[in-house]
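**Q**
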Amino acid sequence: QEKQEPPKTDARTKFWILSWIVVHNACFTLIMRYSRIRDVDEMFLPSVAVFVTELLKLTICFTMLMYEEGPEKFVSTLRAYTVAQPLDTLKVCVPAMLYVVQNTLFYVAASHLEAAIFAIVSQTKIFAAAMCSVFLLGKTIAPPQWVAIVILFCGVSLVQSQKSSAAVVGGLQNPLFGVVCLVIGCFISGLAGAYTEKIVKGRVSIWIRNTQMAIFSIPACLLSMFAQDGTFIMENRMLYGFDAVVWFTVFWYGIGGISVAFCLKYADIVSKDFATSVAIILSTLGSIFFFNFTPTPIFLIGAILVMFAIFMYSSPDLVISTICFQRRNRVGEEKSPMIEEGV
Numbered sequence: 019q020e021k022q023e024p025p026k027t028d029a030r031t032k033f034w035i036l037s038w039i040v041v042h043n044a045c046f047t048l049i050m051r052y053s054r055i056r057d058v059d060e061m062f063l064p065s066v067a068v069f070v071t072e073l074l075k076l077t078i079c080f081t082m083l084m085y086e087e088g089p090e091k092f093v094s095t096l097r098a099y100t101v102a103q104p105l106d107t108l109k110v111c112v113p114a115m116l117y118v119v120q121n122t123l124f125y126v127a128a129s130h131l132e133a134a135i136f137a138i139v140s141q142t143k144i145f146a147a148a149m150c151s152v153f154l155l156g157k158t159i160a161p162p163q164w165v166a167i168v169i170l171f172c173g174v175s176l177v178q179s180q181k182s183s184a185a186v187v188g189g190l191q192n193p194l195f196g197v198v199c200l201v202i203g204c205f206i207s208g209l210a211g212a213y214t215e216k217i218v219k220g221r222v223s224i225w226i227r228n229t230q231m232a233i234f235s236i237p238a239c240l241l242s243m244f245a246q247d248g249t250f251i252m253e254n255r256m257l258y259g260f261d262a263v264v265w266f267t268v269f270w271y272g273i274g275g276i277s278v279a280f281c282l283k284y285a286d287i288v289s290k291d292f293a294t295s296v297a298i299i300l301s302t303l304g305s306i307f308f309f310n311f312t313p314t315p316i317f318l319i320g321a322i323l324v325m326f327a328i329f330m331y332s333s334p335d336l337v338i339s340t341i342c343f344q345r346r347n348r349v350g351e352e353k354s355p356m357i358e359e360g361v
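Per this note's numbering, the very first residue in the sequence shown carries number 19; after that it's consecutive.
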């Protein structure tokens with residue numbers, strides 16, 4: 019008997035999923051940036067925002083798991099993949115802790131970087147994931163992908179040179195510090211992803227896996243929150259500065275990982291990269307209109323290099339074949355008049 023292929027996602031579904039990814043990624047950087055630079059009497063604490071985000075993720079995972087398994091099997095399924103498998107659950111401890119640090123660094127970076135710069139520099143996660151895959155998983159990177167990484171770094175270097183005069187609540191922003199925090203966060207993300215792929219075996223539901231991580235990430239967030247801002251929280255309150263904007267920012271951040279998971283499930287990698295590139299363009303336009311961001315020619319060149327590097331790294335064969343095809347067409351067009359003259 020022939021194996022039946024899984025049903026393909028129809029074009030309309032893929033379009034709406036990719037459209038959502040574009041909107042989410044573009045708005046994510048703009049919303050986070052706005053939440054950190056607006057002029058308010060009470061500015062929220064990033065450590066608390068990360069803690070609340072983890073609680074939101076756990077709530078979403080519980081809700082989706084109950085929807086898939088049903089109320090009757092919810093508790094038994096949860097116990098089977100957590101309490102009944104303590105070693106498997108313990109394996110996700112490291113990535114869970116790493117993601118907590120990454121999320122905190124992203125909030126700090128958003129305080130010091132324009133939304134457009136944040137969106138572009140965060141693409142260094144491609145290089146981070148590649149390096150971690152080579153050293154931890156023993157994977158090989160094709161020569162065109164190395165070229166893409168070099169192009170990516172050139173583009174990011176040009177983009178981060180963009181000057182900014184905006185101020186952050188509590189002092190002037192430090193773009194270099196923001197870039198350092200963001201790049202470290204991207205490398206931590208790459209390390210967590212590679213570790214998860216190497217240590218954690220088996221195909222497990224995304225809701226189960228995130229629940230396992232929450233067992234460690236939520237206590238880690240709680241400890242980090244009181245270690246960093248315990249005195250301030252005791253003197254004021256934990257949800258200090260939380261208003262509608264902050265709650266929406268936390269919600270938008272919380273559904274980000276789930277959005278990417280759905281994208282990878284229902285759309286191919288080229289489509290995801292196209293959505294990422296469009297989101298970068300929209301983030302830049304949003305920064306221009308909402309934050310008076312003025313991109314320089316160097317910034318625009320860097321942004322184009324980064325978007326090209328994204329496609330070249332994920333689909334090197336497609337990019338090279340397209341370039342070669344266009345080159346053959348130009349050569350053919352140049353030779354065609356000579357052929358006509360000979361006739």
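C-beta: ideal position from N, C-alpha, C; glycine also. Computed from a prediction, not measured in an experiment: that's the story for all the values here.
Are A147 and G203 closer than 9 Å when you measure CB to CB?
**A** Indexing the sequence shown from 1 puts residue 147 at position 129. Indexing the sequence shown from 1 puts residue 203 at position 185. In this structure, G203 does not lie closer than 9 Å to A147 by Cβ.
**Q** Let me confirm a value: I316 is counted as buried when at least 16 other C-beta atoms fall within 10 Å, else exposed. Which label applies?
**A** Residue 316 sits at position 298 when you count from the first residue of the sequence shown. With a 10 Å radius around the Cβ and a threshold of 16 neighbouring Cβ atoms, I316 comes out exposed.
**Q** Assign L73 to one of three DSSP states: helix, strand, or coil.
**A** Along the sequence shown, read from residue 1 onward, the residue named residue 73 stands at position 55. In the structure shown, L73 adopts helical secondary structure according to DSSP, grouped into three states.
**Q** Examine the Cβ distances between the stretch 246–259 and the stretch 101–113 and report whether three or more of them are shorter than 8 Å.
**A** no
**Q** Would G248 be called buried (16 or more neighbouring beta carbons within 10 Å of its own) or exposed?
**A** Translated into the one-based positions of the sequence shown, residue 248 becomes position 230. Answer is exposed; the Cβ neighbour count stays below 16.
**Q** Checking contacts by CB at 9 Å: is P313 closer than that to chain B?
**A** Looking at the structure shown, chain B is missing, and only one protein chain is on hand.
**Q** Report yes if the C-beta distance between Q178 and I135 is below 9 Å; otherwise report no.
**A** One-based indexing of the sequence shown puts residue 178 at position 160. One-based indexing of the sequence shown puts residue 135 at position 117. Closer than 9 Å, so yes.
**Q** What three-state label does DSSP hand S333 in the structure shown?
**A** Along the sequence shown, one-based indexing puts residue 333 at 315. The answer is coil: DSSP assigns S333 none of H, G, I, E or B.
**Q** Would you call the stretch 299–307 and the stretch 40–50 touching, i.e. three or more CB-CB distances under 8 Å?
**A** Yes, the stretch 299–307 touches the stretch 40–50.
**Q** Between the C-alpha atoms of W265 and C79, what's the straight-line distance to the nearest angstrom?
**A** Walking along the sequence shown from the start, residue 265 turns up at place 247. Walking along the sequence shown from the start, residue 79 turns up at place 61. Using only the alpha carbons, I get a separation of about 19 Å.
**Q** CA-CA distance, C172 and V165?
**A** Translated into the one-based positions of the sequence shown, residue 172 becomes position 154. Translated into the one-based positions of the sequence shown, residue 165 becomes position 147. About 11 Å.
**Q** To which residues of the same chain is R54 closer than 6 Å at the C-beta, ignoring the five residues directly before and after it?
**A** Within the sequence shown, numbered from 1, the residue matching residue 54 stands at position 36. Correct list, in chain order: A128, S129.
**Q** Can you tell me where the alpha helix (DSSP H) holding I273 begins and where it ends?
**A** Taking the first residue of the sequence shown as position 1, residue 273 is located at position 255. No alpha helix (DSSP H) contains I273, which DSSP labels as neither H nor E.
**Q** Out of S175, G156, Q230, point me to the one whose CA is closest to V197's CA.
**A** Locating residue 197 in the sequence shown gives position 179, where the first residue counts as 1. Measuring from the Cα of V197, the nearest candidate turns out to be S175.
**Q** For I206, which residues from the same chain have a beta carbon less than 6 Å from its beta carbon, with the 5 sequence-adjacent residues on both sides left out?
**A** Taking the first residue of the sequence shown as 1, we reach residue 206 at position 188. Counting only Cβ-Cβ distances below 6 Å, and skipping sequence neighbours, we find L116, V119, Q120.
**Q** Please classify H42: does DSSP put it in a helix, a strand, or coil?
**A** Here residue 42 is taken as the residue at index 24 of the sequence shown, counted from 1. Correct three-state label for H42: helix.
**Q** If you scan the stretch 199–250 from start to end, which runs of the alpha helix (DSSP H) of 4 or more residues do you find wholly inside it?
**A** none
**Q** Go ahead and label A98 buried or exposed: buried means 16 or more other beta carbons lie within 10 angstroms of its beta carbon, across all protein chains shown.
**A** In the sequence shown, residue 98 corresponds to position 80, counting from 1. Burial call: exposed.
**Q** Using alpha carbons as the reference points, say which of D335, I217, F244 lies closest to T107.
**A** Mapped onto the sequence shown, residue 107 falls at position 89. From the listed residues D335, I217, F244, the smallest Cα separation to T107 is found for I217.
**Q** Please report how far the alpha carbon of I233 lies from the alpha carbon of S277, in whole angstroms.
**A** For this step, residue 233 is matched to residue 215 along the sequence shown. For this step, residue 277 is matched to residue 259 along the sequence shown. C-alpha separation (whole angstroms): 21 Å.
**Q** Which residues mark the beginning and the end of the alpha helix (DSSP H) in which G173 is found?
**A** Translated into the one-based positions of the sequence shown, residue 173 becomes position 155. Residues 161–178.
**Q** Taking Cβ to Cβ, would you say L123 is nearer than 9 Å to C239?
**A** Start at 1 with the first residue of the sequence shown, and residue 123 comes out as number 105. Start at 1 with the first residue of the sequence shown, and residue 239 comes out as number 221. No, these two residues do not count as a Cβ contact at 9 Å.
**Q** Less than 9 Å between the beta carbons of E60 and W225, yes or no?
**A** Along the sequence shown, one-based indexing puts residue 60 at 42. Along the sequence shown, one-based indexing puts residue 225 at 207. Not closer than 9 Å, so no.
**Q** Report buried or exposed for N310, applying the criterion of at least 16 other Cβ atoms within 10 angstroms of its Cβ.
**A** The residue you call residue 310 lines up with position 292 of the sequence shown. That one is exposed.
**Q** For a test of the three-state rule: what should DSSP assign to R51, helix, strand or coil?
**A** Your numbering for residue 51 matches position 33 in the sequence shown. The answer is helix: DSSP assigns R51 an H, G or I state.
**Q** With distances taken between CB atoms, is the gap from M325 to F69 smaller than 9 Å?
**A** Locating residue 325 in the sequence shown gives position 307, counting from the first residue. Locating residue 69 in the sequence shown gives position 51, counting from the first residue. No.
**Q** By how many angstroms is the C-alpha of L323 removed from the C-alpha of V40?
**A** Numbered from 1 along the sequence shown, position 22 holds the residue referred to as residue 40. Numbered from 1 along the sequence shown, position 305 holds the residue referred to as residue 323. Distance from the CA atom of V40 to the CA atom of L323, rounded to whole angstroms, is 19 Å.
**Q** Would you kindly check if the distance between the Cβ of E132 and the Cβ of R51 is under 9 Å?
**A** For this step, residue 51 is matched to residue 33 along the sequence shown. For this step, residue 132 is matched to residue 114 along the sequence shown. Yes, the pair counts as a contact, with Cβ atoms nearer than the cut-off.
**Q** With a threshold of 16 other CB atoms inside 10 Å of the CB of F62, please say whether the residue is buried or exposed.
**A** If you number the sequence shown from 1, residue 62 lands on position 44. Buried, because 16 or more other Cβ atoms sit within 10 Å of the Cβ of F62.
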